[in-house]
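Have a look at the structure below before the remarks.
Numbering (this note's numbering), first residue to last: 662 to 877.
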């Protein structure tokens, strides 16, 4: 795009158009993640205006109740997550609620992509979106498993990216640990498993805080 050999719109459309329903030769999950990463880098290279218009277009795909192309919605969620991880999306009003609406989808891959997107959007603005996720985990019993996966995504990005360690402030770690210990005896095995994964990833960031708490 920066070389001007091909226009932003042409390249974006060709990437987005690869999202086809699985029965018509859809791409593998890993390929979709790779394409979403390409879309994110493409948007950032094209500048704020084109990035903003792309985000609105992706939100439109999610808001379109008549859209029966679950592959397109899947792609839109992955793209929002990849862009959100690299750029603060808080100027896009209610984006977190639009993403969380996809938790109601009948398709497991859509729910999983929505969970991934919410966690990665939170990475782009921890102060705004992390409290939202923590509050939702406490108050939305039916969505708890998916929300914990979003939280795991936030923690994993911190533990992998050492430059971002300080972003997860002590007060956040304390709140997250309290929440995780509160849910570690959940009746749902899936919830317990995600809680354990979150605790393991926190141990990579803050071993001095977590290991003594686990001993207790």
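Note that CB positions come from ideal geometry on N, CA and C, so glycine has one too.
Values in this document were obtained by computation on a predicted structure and should not be read as measured data.
Q.
If we require 4 or more residues per run, which alpha helix (DSSP H) segments fall completely within the region 747-808?
A. 756-762, 769-785 and 787-800, all fully within the region 747-808.
With distances taken Cα to Cα, identify the nearest neighbour of residue 860 among 810, 849 and 750. Comparing Cα-Cα distances from residue 860 to each of 810, 849 and 750, the minimum goes to 810.
Below 8 Å, how does it come out for the region 742-758 and the region 775-788: are there three or more Cβ pairs, yes or no? Between the region 742-758 and the region 775-788 there are three or more inter-stretch CB-CB distances shorter than 8 Å, so the stretches are counted as touching.
**Prompt:** Would you report the Cα separation of residue 867 and residue 846, rounded to the nearest angstrom?
**Reply:** In a straight line, the C-alpha of residue 867 is about 22 Å away from that of residue 846.
Original post:
Closest to residue 784 by CA distance: which of 834, 849, 801 and 816 is it?
Top reply: Taking each of 834, 849, 801 and 816 in turn and checking the Cα distance to residue 784, the smallest one comes out for 816.
| message | One question on the structure: do residue 736 and residue 701 come within less than 8 Å of each other, judged by their Cβ atoms? | response | Contact: no.
Residue 723 and residue 752 - do their beta-carbons sit closer together than 8 Å?
Their beta carbons are not under 8 Å apart, which means residue 752 does not touch residue 723 by this criterion.
### Message
Please tell me whether residue 703 and residue 673 are closer than 8 Å, where the distance is taken between their beta carbons.
### Response
For the pair residue 703 and residue 673, the CB atoms are nearer than the 8 Å cut-off.
Q) What three-state label does DSSP hand residue 825 in the structure shown? A) Confidence at residue 825 is low in this model, with a pLDDT of 48, below 50, so the placement of that residue is unreliable and no value is reported for it.
Taking its Cβ as the centre, do 16 or more other Cβ atoms sit within 10 Å of residue 706, making it buried, or is it exposed?
Residue 706 should be labelled exposed.
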